[in-house]
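Take a look at the structure below.
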Amino acid sequence: MFRKWVLVILATGSSEAGAQTMLLSERFDDGAPGWTFDSSVPPVQWAADATPSLILQWGDAPFVSAPHSLNYNNGTDYGLSGANSGTATSPLLPLAGWAGVVVSFWCAYDTDGFYDSRSLEISKDEFATTVQELRVSWDPRGGQCETTGRWHQHKVFLEPSWGAVRLRFRFGVSDDRFRARAGWFIDDVEVIGYPFSEMPPAPTDLAQSTSPGGPAEPAGFVTERSQLYFRAFVSSGTGRSARILLEGERNDAPFDGLYVRSGNFTEGPGVSEAQDNYWFSGSYHWRCRAQDDRGLLSEWKEFDPAAGPDYTVQVDRPLPLSYEDEEEELSSECYEFPCFGIFPCPCVAGTLRGGGIGWAIPLIVTLGIISGRARVFLRRTQRGG
Ligand SMILES: [Ca+2]
Ligand SMILES: [Ca+2]
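For the record, in the sequence shown the residue sitting at position 92 is 118 according to our numbering, with numbers rising by one throughout.
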């Protein structure tokens with residue numbers, strides 16, 4: 027009998043040493059205990075309720091777990107005019123002692139994608155500063171949003187080195203366009219701590235190429251291609267799907283982990299490849315890390331730690347390009363795109379030639395949304411033969 031008890035205790039202890047642990051699970055069905063709310067224009071505000079009863083007329087129910095979610099509106103919509111914003115702040119989350127921590131949450135929205143913003147802010151000092159801010163709609167670090175009105179899940183990695191953090195969902199409106207919508211809905215927030223045995227290893231066999239899966243180019247190569255491909259062998263370490271998160275920066279800028287692109291998820295260990303596009307000439311360096319399908323991240327792996335650039339892109343001629351530079355101008359159209367109120371707006375003026383305006387407009391709008399360089403002057407010219 028004594029021996030049996032000893033065996034049970036050892037087995038339990040071994041299991042717990044390698045176990046993931048739920049640090050927070052909040053379904054908002056009995057209010058939002060420990061959460062605090064702030065709103066600029068109540069009664070448009072965050073609340074744990076089930077109003078409105080549908081996210082869209084044809085959309086999903088206003089919760090994942092019945093009967094409530096956390097959502098930002100006045101019971102019907104988020105107002106008809108004027109700027110407003112509201113935050114929902116989580117209880118304090120201790121992260122220390124874990125190898126990795128992932129927060130997951132379900133998200134649905136009925137908002138104007140250009141002029142209204144949905145962000146997740148993370149702070150270790152009560153929001154005197156933030157250690158990370160994600161635009162939830164598109165940031166690869168948190169997954170990307172699905173169609174309006176449909177529930178989907180985001181997963182965000184929390185660095186245990188941050189110590190203890192609070193999460194803050196912020197919805198902000200800066201204009202009067204496309205109002206009278208249901209707002210932003212959050213449900214089933216979970217925070218899970220993982221031990222070292224669960225962490226994915228850093229990627230290996232990093233390669234850069236001018237075509238998908240194409241020949242590997244050496245460090246320092248020069249190309250006129252505006253699309254490049256970056257790949258690495260990734261493994262979750264636990265047999266799960268994994269992908270790379272890619273960060274490319276100008277060679278004279280340090281890595282900061284902010285603007286990343288994601289590769290494809292592998293089936294088990296395999297090669298994951300991400301694509302990046304270049305509108306401007308320059309010299310760049312890059313690194314990547316592995317992420318498994320639970321959101322866990324590996325350490326970063328740099329392609330070539332040597333000081334020189336990993337690659338140099340030479341596309342068209344450097345911007346801005348003055349109007350008078352054209353040899354012969356046959357037609358000209360100018361377009362100005364607003365900043366969408368989303369980003370601080372360092373403006374870029376430039377010219378795209380040839381190809382017509384049709385493809386260039388979505389290109390520039392996409393560029394603006396992704397980079398924040400949203401005020402672009404576009405001039406179409408046609409050169410004489
Ligand atoms: Ca409501
Ligand atoms: Ca719920």
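Ideal Cβ positions, reconstructed from N, Cα and C, are used throughout, including at glycine.
Rounded C-beta distance between residue i and residue j? I'm assuming under 8 Å.
i: I270; j: P229; result: 6 Å
i: A74; j: L96; result: 5 Å
i: S111; j: R194; result: That pair is no contact at about 11 Å.
i: A208; j: L106; result: Wrong, their Cβ atoms sit about 13 Å apart, outside the cutoff.
i: S309; j: P335; result: 4 Å
i: L322; j: G126; result: 5 Å
i: A114; j: F211; result: With 8 Å as the limit, A114 and F211 do not qualify as a contact, their Cβ atoms being about 11 Å apart.
i: P227; j: S252; result: Their Cβ separation, rounded to whole angstroms, is 33 Å, which puts P227 and S252 out of contact at 8 Å.
i: R276; j: V128; result: Their Cβ separation, rounded to whole angstroms, is 31 Å, which puts R276 and V128 out of contact at 8 Å.
Going by beta carbon distance, what residues of the same chain come within less than 7 Å of residue i, once the five residues before and after it are set aside?
i: A109; result: V199 and S200
i: S288; result: P166, R269, L271 and A300
i: F89; result: A76, S95 and D213
i: S91; result: R53, D55, D213 and D214
i: G274; result: D302, Y310 and W312
With distances taken from CA atoms, which of the options is nearest residue i?
i: K181; options: S187, G175 and W164; result: W164
i: W19; options: G175, E224 and Q253; result: This structure cannot settle anything about residue 19, because the visible part of the chain is limited to 27 through 411.
i: A316; options: R266, V341 and D330; result: R266
i: N303; options: D278, L146, A76 and T236; result: T236
i: R257; options: G246, G296 and L284; result: G296
i: T62; options: L184, S116, E147 and F89; result: S116
i: P280; options: E293, T292, W312 and P68; result: W312
i: E147; options: P226, G168, T292 and Y255; result: G168
i: G123; options: D319, V157 and L49; result: L49
i: D64; options: Q170, G294, A87 and N99; result: N99
i: F247; options: C314, T113, Q340 and Q71; result: Q340
i: T264; options: A134, S324, F183 and W84; result: S324
i: D136; options: W326, Q83 and Q179; result: Q83
i: V67; options: A333, F306 and D103; result: D103
i: E293; options: P93, F259 and S187; result: F259
Which residues in the same chain as residue i place their Cβ atom closer than 6 Å to its Cβ, once the five residues preceding and following it in sequence are excluded?
i: A190; result: L118 and P120
i: R161; result: S145
i: V215; result: E52 and F131
i: F329; result: L232, W312 and D336
i: G57; result: A74
Could you give the first and the last residue of the continuous beta strand (DSSP E) run that contains residue i?
i: W132; result: G126 to D136
i: G308; result: G308 to D318
i: K417; result: In the structure displayed, the chain extends from 27 to 411; residue 417 sits before or after that span and is not available.
i: V199; result: A190 to V199
i: E275; result: A268 to R276
i: Q71; result: Q71 to D75
i: D64; result: T62 to S65
i: T264; result: Segment: none, T264 is in no beta strand (DSSP E) and carries neither H nor E.
i: F247; result: F247 to T249
i: Y98; result: S95 to N99
i: T338; result: Y337 to V339
Going by DSSP, name the residue or residues bridged to residue i.
i: Y255; result: S235 and Q301
i: K327; result: C314
i: V217; result: L50 and V129
i: Q158; result: I148
i: L119; result: V191
i: W210; result: Y98 and Y135
i: D55; result: G57
i: S111; result: G198
i: G296; result: V260
i: T230; result: F259
If I measure Cβ to Cβ from residue i and keep anything under 8 Å in the same chain, skipping five residues before and after, which residues do I get?
i: E152; result: R192
i: Q46; result: I218, G219, Y220, P221 and E224
i: P344; result: Because P344 sits at a pLDDT of 42, beneath the cut-off of 50, its placement in the model cannot be relied upon, and the following sentence gives the value as read from the coordinates. Closer than 8 Å at the Cβ level, and outside the excluded window around P344, lie F306 and S307.
i: A79; result: Before going further, note that residue 79 is Ser rather than Ala in the sequence given. Hits under 8 Å: A87 and P88.
I want to check one thing, is the minimum distance from the CB of residue i to the heavy atoms of ligand 3 below 8 Å?
i: P78; result: This structure does not include ligand 3; its bound ligands are ligand 1 and ligand 2.
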